[in-house]
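**Q** Okay, here's the structure, questions in a sec.
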Amino acid sequence: MRLFAIGDIQGCAAAFDLLLRKIAFRPARDRLWLVGDLVNRGPDSLGVVRRVMRLGRSVTCVLGNHDLHLLATVAGRRELSPADTFHDVLEAPDLDSIVDWLRRRPLLHYDTQARRVLVHAGIPPAWTVAEARAEAREVEAQLRGRQWRHALKEMYGNGPSAWSPKLRGVERRRYTINALTRMRYCDRRGRIDLSYSGAPGTQPKGLMPWFDAPERRAARAHIVFGHWAALGLLRRSDVTALDTGCVWGNHLTAVRLDRPARPVKVSAEAAKRWQRRRRR
């Protein structure tokens, strides 16, 4: 069985289809990890979600911040912004099925045998994998329940920045969502900073990528994540970063996780050309 991971798709359905074709993905024999952000900013969010849903149990997909934004919009917790491009999902006849499927995706997936984690943004320095998993499950349980709309109440906001077991209710839930789906940088004390998204080396003084924080408690697990287009593809012993900015005109990238192999990329422009040829 081959195991692939693919970065943020964000509505780039043609690139996703072409990349699956390029790696010769077969649901009966292969498995696929997706880092989240299936929707938004790109031209075909509906096509992406439907494609992933059809792949069934061959796919493990975690929720990204844009996926949560879609759910919050459906729940009436947030108005659409001019930058949002998931109108096709909101107007789809199968919207209820899509929402039901999305809200049952995990925030974090852990392969205990391989000691490998799939998450959209990362694990904050203060948490072990077990702690991150436990906090993720609390939010997941609420999203899967009848009161799921309430779970997204007051989801938006950059605080609290520091973890404490004493956090409760909305603040605890918001910290978990921010840490797992929005985090890029933190300070030396492990407090997450959500104000800067540029590439490492350009950040304000005192900030560092979350995965470079000293005494990071989840350092023994390999963390597969996306969310950070300015970081791009990064592969090292403890992390694999996969957001290569397809929605911004760059690439969609797949890497094999079951054995060493070169990454496979599809450019946004190549995907557009391929799509035009298919429509002729």
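According to the working numbering, the sequence shown is numbered sequentially starting from 12. Ideal Cβ placement from N, Cα and C applies to all residues, glycine included. Remember, predicted model here, so these are calculated numbers, not experimental data.
Which residue's Cα is closest to the Cα of L191: E90, N76, P176, E280?
**A** Ranking the options by Cα distance to L191, first place goes to N76.
**Q** CB-CB under 7 angstroms to D95, same chain, minus the five flanking residues each way: which ones, in chain order?
**A** Cβ within range, chain order: N51.
**Q** Identify the residues that DSSP records as bridge partners of K276: which are they?
**A** In DSSP, K276 forms a bridge with T264.
**Q** Within 10 angstroms of the Cβ of Y207, are there 16 or more other Cβ atoms? Answer buried if so, exposed if not.
**A** Per the 10 Å Cβ criterion, exposed.
**Q** DSSP three-state label for W186, please.
**A** What sits at residue 186 in the sequence shown is Tyr, not Trp. The answer is helix: DSSP assigns Y186 an H, G or I state.
**Q** Is the beta carbon of V266 sitting closer than 8 angstroms to the one on F36?
**A** Not in contact: V266 and F36 (Cβ atoms no closer than 8 angstroms).
**Q** Check this for me: beta carbons of W221 and Y196, under 8 angstroms apart or not?
**A** It is a contact, given that the beta carbons lie within the stated cut-off.
**Q** Would you report the Cα separation of V140 and R202, rounded to the nearest angstrom?
**A** Going from the Cα of V140 to the Cα of R202 covers about 17 angstroms.
**Q** Mind pulling the beta strand (DSSP E) runs of 3 or more residues that sit fully within the stretch 215-255?
**A** Complete beta strand (DSSP E) runs here, min 3: 218-220, 233-236, 250-252.
**Q** Mind checking which residues open and close the alpha helix (DSSP H) that includes R42?
**A** That residue, R42, is in no alpha helix (DSSP H); its beta strand (DSSP E) goes 41-45.
**Q** Going by CA-CA distance only, name the one from V60, P136, H262, V85 that's closest to R200.
**A** When each option's Cα is compared against that of R200, the closest is P136.
**Q** Excluding the 5 residues flanking A162 on each side, which residues of the same chain have their C-beta closer than 8 angstroms to its C-beta?
**A** Cβ within range, chain order: V150, Q153, L154, G156, R184.
**Q** Where does V128 fall in DSSP's three states?
**A** Strand at V128.
**Q** According to the Cβ coordinates, are V130 and F27 closer than 8 angstroms?
**A** No, the pair does not count as a contact, with Cβ atoms beyond the cut-off.
**Q** Relative to the C-alpha of A173, which residue among T187, Y167, E165, K164 is closest?
**A** Of the candidates T187, Y167, E165, K164, the one whose C-alpha sits nearest the C-alpha of A173 is T187.
**Q** Can we say the stretch 269-276 touches the stretch 225-239, given the rule of at least three CB pairs closer than 8 angstroms?
**A** As far as the Cβ criterion goes, the stretch 269-276 does not touch the stretch 225-239, which means the pair count is below three.
**Q** Ignoring anything shorter than 4 residues or poking outside the stretch 86-121, list the alpha helix (DSSP H) runs there in chain order.
**A** Entirely contained in the stretch 86-121, the alpha helix (DSSP H) runs reaching 4 residues are, in chain order, 98-101, 106-113.
**Q** Alpha carbon to alpha carbon, how far is G67 from R42? Give it in angstroms, no decimals.
**A** Going from the Cα of R42 to the Cα of G67 covers about 10 angstroms.
**Q** Which term fits G58, buried or exposed, when burial requires 16 or more other beta carbons within 10 angstroms of its beta carbon?
**A** It counts as buried.
**Q** Counting along the chain, where does the alpha helix (DSSP H) carrying V70 start and finish?
**A** V70 -> not in any alpha helix (DSSP H); beta strand (DSSP E) instead, spanning 70-72.
**Q** With a 10 Å radius around its C-beta and 16 neighbouring C-beta atoms as the bar for buried, classify D55 as buried or exposed.
**A** Classification for D55: buried.
**Q** Compare the Cα-Cα distances from W138 to each of R115, S175, L106 and report the closest residue.
**A** Closest by alpha carbon: S175.
**Q** Measuring alpha carbon to alpha carbon, tell me which residue in G243, L244, G209, D249 is nearest A224.
**A** Closest option to A224, Cα to Cα, is D249.
**Q** Would you tell me roughly how many angstroms separate the C-alpha atoms of W285 and V46, rounded to the nearest one?
**A** If I take the Cα positions, the gap works out to 24 angstroms.
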